[in-house]
Every structure is written in C-alpha cells, then in structure tokens.
Amino acid sequence: MGFMKALRCRECGREYPKKALHVCEYCFGPLEVVYEYEEIKKHLSREVIEKRPQNMWRYRELLPIDGEPSVGREVGFTPLIRARNLEKALGVKELYIKNDAVNYPTLSFKDRVVSVAISRAKEMGFSVVSCASTGNLANSVAANAAACGMESYVFIPFDLEPTKIVGTLVYGAKVVGIRGTYDEVNRLCSEIAGKYGWAFVNINIRPYYAEGSKTFGFEIVEQLGWRLPKHTVVPMAGGSLITKVWKAYNEFYKLGLVDNIDAKVYGAQATGCAPIVTAVKKGKELIEPVIPNTIAKSLAIGNPADGYYSAKTIRESGGWAEDVSDEEIVEAIKLLAETEGIFTETAGGVTLGVTKKLIEQGRIPRDESIVVSITGNGLKTQEALHGKLEAVPTINASLKDFDELVKKMDEKYAMEG
Amino acid sequence: MKRRVYLTYPKELIKEPLIYEVGQRFRVVTNIRQACVSDTIGLVALELEGSEEEIDKAIQFFTDKGVKVEPIELDIIE
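Residue numbers (this note's numbering), protein chains in the order written: chain H, 92 to 508; chain F, -19 to 58.
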C-alpha cells in the first residue's frame, strides 16, 4: 500500500487522479506527485529506514508506486565518500562525493528514475516503455525494461555515434534513428508519445519518473548521519534533479527526520549549454533556450523542461549557479580521478569544475560541508579525453630500454618538481 | 486529435495575427491556454484540434513564418 495521494499542477494547484498524466488540462502546467505526509509520518522513522535493505526502496513511502517495485530492487544506496585528497587539493575542510557512477545496473543516476517509472508503468498496465535519449537514459530504459520483461522503444537522432548505441541495443531494445533537426526530432517524439499508448518515461510518466531522483538526496542525508550538507552541487540538464534533491531535503524535514533545513543547492552547467545558469545569474524568470555546444553531451539540453523550476529552487535555497568551459570540465575529470580514484563522465567534470569555481569565488565557504553530485560513469564518455591525457611511452622488450625510460621519467618528474 | 504546443514569437512577429490566420487557412481549432507577450518576445501555450494532417500544416505555417514551435514538454531528448 502506497502513500501517494494524487497528481497536482505545479502552477494552478488543480488535482488529478494518479494516472499517466503529466500536464494540467487547464493551464498546461506540469503535474507533480503529492503524498499523504501525515500518514507517512506514522510509519517512517530513522530506525525503520535503517533496518531495511541498502537500496533506494528503503524510502518507498516517499516514492510514487502503490505496490511493490517490479524492477530495480538493487538500485541506489551508492557510496557517499569523504574525499580527503580532494579536500586538500581544493583547500576545503569537509567534502563528499555522492557517487552514482557506480549505480546499478547501468552506471548512472538514471537507474533511479527509470526503475520508478517502469515499476509505476507496469502497475498502471503498460506493456511498452519508451524514451528519447542520446545516452544514459536510453541505456537505463533498455536494461530495466529487459529485466522486467517489458518491450522498449528508444528514439535517437540518426547521426548518433554507433558506440553510443551498443549499450542500448544489447538489451534488445528497439532503437529508431530519426532524421531531422533537434527540434524536429524532439517534436516527433512528443507526438509519438501522444499517439501511441506507451509509457514514455519522461513524458506521460514524467511525474512518477522524476520522483526517483529524490532518493539521491535522501541517501546523502542518511549517509551523512541524518544531517543535511550545507552545500550540495548538482549538475543540470533538464533541471529536474536539483529540484528533487531540494524536495528530498524538505520532505525529510517535514517528516522530522532531520532537525533543520539549513542547506543550499547549487546548479552546474557547461558554458556551451547554460540556459539555467544564465537565468540565475541575470535574475530572470524566463529561461532563454540555447543551441548546445559542449563536450558534456548528457547535459546538453538547450530548452530544459524544468529550467524555470530549477532556477526557482536555487533562489529559494539561497544557492547559486555557475558554468565551466570544456577545458575546465576535462581538468575536473582528471582531478577527481587522480585524487579520489573515481572516473566520472563529463557531467561529473562539470559539477566538480563548478564546485571548484564556487569555492574560489567565495560563494561556498571553505569550512562547511559540501557534497558534489557525480551522476554518471567516465567509461561512457571516454572520447571526451582523447588526446587530453599523457601519451603512452612504448619500449622494446628489453630491461635496458626500461631502465632508460625510468631514468627519463625520473628526470621529467624532477623537472616538474 | 489535439496537440499542445508552445509558440515563441520573435520580436518582429509580435504584431502579426498568426493564430487568427491559422484558423482561417486550415481546418484547426486554436485554443490559447496561457500567453505572455511583451514588446520583445511573445510566448503562447496553444492547443490545436483537428486532423493530424491539418495540424501538421498549421505547425508548418507557424514555423515558415519564423515562430518557434515546441511541444509543451520542451526538450525531451535526455
């Protein structure tokens, strides 16, 4: 038995039944899940949660399904690491990495949202799930659909690199390439979602799908010993994750699981696609769409669906937003790998790069707790580092050659100090 | 069928009665649900009702005129 009450319009507040709806019939505002918090309060406590298995369903009263999850029981509860080497490198006192680069099963935070979306779709009677994606979302939909015996359709731009498709095709998903500009492909996907009776995870199932992101925030709080970090830096693509991390913090406060809501959230984008950051910096409500041009492909959404709400969330929390160049992204990927042994995808480079910038600007104080959100695995975006790392020296199979190489390397390091 | 879109008018098209024209030229019912028009930009949330073919023609007309037409879900390729 779930505690989901209804869907409610974020704009006009009208309520709708818990069906596959995502937009208010009156004002076209997006719909969001609301819960019976008073009832949840009676059932949920720190002790109850701590006794449950270590996956994201330990917060199931706050997730939008009525029955049991049908897929993704092992998703979540990824490590929150105290990053002591990175603390030294950045000159800060208390820094953590929330590492969804090792989320199960497809190595990105998307497994959280997709397993909620598919579980909900299944209990609503859908047999086909679908999405439009160029990367992590496609992988996750294909894998999770396969795992619960559902058919999946994944739409991609026709010119997507073949290597990007392997991690989707392998699960038996039906992948369809669409010719056209980004806008044309995007519009067609929305039309397909309207016409075919499928569960399109980020369209008609979006209110449920997006709620899965809250578990990223819940876990941070629990893993920190039931306290909020003072500063949380989150990457922004469509902008949903940052709003849900903030919602997670607020729900825990509302339920009495934490004592205060003394936290700020910060949004990170690449300079080549920073519509939300621009709105925050200029103090504008309207998000002006951009044409993306960045190596951070998983964040390259020019007209973000939750742009308005993410900027509002940042303002409400007292946080800020910043962007970093492609060079800074690569530097940050290397920094995280070299200090903490974590290989993140480009989005993680954006988040760490922005964290560094915000610390240097003095917006994030050096002596307060900071969490950096790493949402995807570096093995998926290796092309971003081609030509950016040290060339590999090659020697003949001779010990003498190796002795010489070691000598040369020692000299080089001595020169570099 | 019905289709819901956001129209973004550039500055130079704000004074053009394009929604009226669409209603005259094609067999579609236009229904404005939200709008925000300033002297620099126009944003309209519009529902179009008619046959798939007529709706496609109406959207093409807006696009040809220079209006950006997007699904109300905005960018959904994640």
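Where is the CB? At the ideal position from N, CA and C, for every residue including glycine.
Residue i - DSSP class collapsed to helix/strand/coil
i: residue 435/H; result: strand
i: residue 246/H; result: strand
i: residue 440/H; result: helix
i: residue 95/H; result: strand
i: residue 123/H; result: strand
i: residue 267/H; result: strand
i: residue 483/H; result: coil
i: residue -13/F; result: strand
i: residue 360/H; result: strand
i: residue 469/H; result: helix
i: residue 488/H; result: coil
i: residue 461/H; result: strand
i: residue 107/H; result: strand
i: residue -18/F; result: strand
i: residue 365/H; result: coil
i: residue 375/H; result: coil
i: residue 57/F; result: strand
Residue i, enclosing alpha helix (DSSP H) - first and last residue
i: residue 203/H; result: 201 to 214
i: residue 279/H; result: 273 to 286
i: residue 401/H; result: 398 to 408
i: residue 113/H; result: Counting along the chain, residue 113/H falls outside any alpha helix (DSSP H), and DSSP gives it neither H nor E.
i: residue -2/F; result: -2 to 5
i: residue 390/H; result: Here residue 390/H belongs to no alpha helix (DSSP H), and DSSP marks it neither H nor E.
i: residue 134/H; result: 128 to 134
i: residue 233/H; result: 227 to 238
i: residue 306/H; result: 305 to 314
Residue i versus residue j - alpha carbon distance
i: residue 376/H; j: residue 440/H; result: 27 Å
i: residue 47/F; j: residue 34/F; result: 18 Å
i: residue 460/H; j: residue 192/H; result: 21 Å
i: residue 179/H; j: residue 126/H; result: 42 Å
i: residue 277/H; j: residue 297/H; result: 16 Å
i: residue 264/H; j: residue 290/H; result: 14 Å
i: residue 313/H; j: residue 170/H; result: 11 Å
i: residue 393/H; j: residue 176/H; result: 35 Å
i: residue 306/H; j: residue 114/H; result: 24 Å
i: residue 474/H; j: residue 268/H; result: 21 Å
i: residue 160/H; j: residue 220/H; result: 16 Å
i: residue 254/H; j: residue 318/H; result: 41 Å
i: residue 249/H; j: residue 53/F; result: 21 Å
i: residue 478/H; j: residue 150/H; result: 43 Å
i: residue 222/H; j: residue 493/H; result: 52 Å
i: residue 509/H; j: residue 36/F; result: There is no way to answer for residue 509/H, as the model of chain H reaches only from 92 to 508.
i: residue 490/H; j: residue 505/H; result: 22 Å
i: residue 282/H; j: residue 198/H; result: 30 Å
i: residue 331/H; j: residue 484/H; result: 44 Å
i: residue 24/F; j: residue -11/F; result: 8 Å
i: residue 98/H; j: residue 155/H; result: 10 Å
i: residue 261/H; j: residue 251/H; result: 16 Å
i: residue 480/H; j: residue 445/H; result: 21 Å
i: residue 275/H; j: residue 40/F; result: 11 Å
i: residue 112/H; j: residue 143/H; result: 31 Å
Endpoints, beta strand (DSSP E) assigned at residue i
i: residue 414/H; result: 412 to 415
i: residue 190/H; result: 185 to 190
i: residue 145/H; result: Here residue 145/H belongs to no beta strand (DSSP E), and DSSP marks it neither H nor E.
i: residue 49/F; result: 48 to 51
i: residue 179/H; result: Note, residue 179/H: premise wrong, no beta strand (DSSP E); alpha helix (DSSP H) at 175 to 181.
i: residue 11/F; result: 8 to 17
i: residue 326/H; result: 322 to 326
i: residue -7/F; result: Careful: residue -7/F lies outside any beta strand (DSSP E) and carries neither H nor E.
i: residue 26/F; result: 22 to 30
i: residue 223/H; result: 219 to 223
Chain B contact for residue i (CB, 8 Å cutoff)
i: residue 281/H; result: Any reference to chain B falls outside this structure, whose protein chains are H and F.
Proximal residues, the region 380 to 414 of chain H versus chain F, C-beta separation under 9 Å: Answer set for the region 380 to 414 of chain H: 380, 389, 392, 393, 394, 395, 396, 397 and 398.
Residues of the region 105 to 123 of chain H in Cβ contact with chain F at a cutoff of 8 Å, in chain order, please. 113, 114, 117, 118 and 119
Determine which residues of the region 206 to 240 of chain H have a Cβ less than 9 Å from any Cβ of chain F, and write them out in chain order. Residues of the region 206 to 240 of chain H that bring their beta carbon within less than 9 Å of a beta carbon in chain F comprise 222, 223, 224, 225, 226, 227, 228 and 229, in sequence order.
Should the region 407 to 417 of chain H be regarded as contacting the region 353 to 365 of chain H, the criterion being three or more beta carbon pairs within less than 8 Å? yes
Could you tell me whether the region 387 to 396 of chain H touches the region 430 to 440 of chain H, using the rule of 3 or more Cβ pairs below 8 Å? Counting C-beta pairs with one atom in each stretch, the region 387 to 396 of chain H and the region 430 to 440 of chain H have three or more that are closer than 8 Å, which means they touch.
In chain order, what residues of the region 11 to 42 of chain F put their CB closer than 7 Å to some CB of chain H? 13, 14 and 25
Check whether the region 492 to 503 of chain H touches the region -3 to 6 of chain F, counting contact only when three or more Cβ pairs, one atom from each stretch, lie closer than 8 Å. Using a C-beta cut-off of 8 Å, the region 492 to 503 of chain H makes no contact with the region -3 to 6 of chain F, since fewer than three inter-stretch Cβ pairs fall below that distance.
Does the contact criterion of 3 or more C-beta pairs under 8 Å hold for the region 393 to 402 of chain H versus the region 418 to 433 of chain H? Note that the region 393 to 402 of chain H does not touch the region 418 to 433 of chain H; fewer than 3 beta-carbon pairs, one per stretch, sit closer than 8 Å.
Chain F contacts from the region 318 to 334 of chain H (Cβ-Cβ distance under 7 Å): Within the region 318 to 334 of chain H, the residues whose Cβ lies closer than 7 Å to some Cβ of chain F are 328 and 329, listed in chain order.
Using a Cβ-Cβ cut-off of less than 9 Å, list which residues of the region -18 to -2 of chain F approach chain H; keep chain order. -18, -17, -16, -15, -14 and -12
Is there contact here, the region 10 to 23 of chain F with the region -19 to -6 of chain F, by at least three beta-carbon pairs under 8 Å? Of all C-beta pairs linking the region 10 to 23 of chain F to the region -19 to -6 of chain F, three or more are shorter than 8 Å, placing the two stretches in contact.
According to a CB-to-CB cut-off of less than 9 Å, which residues of the region 264 to 291 of chain H neighbour chain F? 273, 274, 276, 277, 278, 280, 281, 282, 284, 285, 286 and 291
Counting only Cβ-Cβ distances shorter than 9 Å, please list the residues of the region 183 to 201 of chain H near chain F, keeping chain order. Contact residues of the region 183 to 201 of chain H toward chain F are 201 (C-beta to C-beta distance below 9 Å).
According to a CB-to-CB cut-off of less than 7 Å, which residues of the region 292 to 304 of chain H neighbour chain F? 293 and 294
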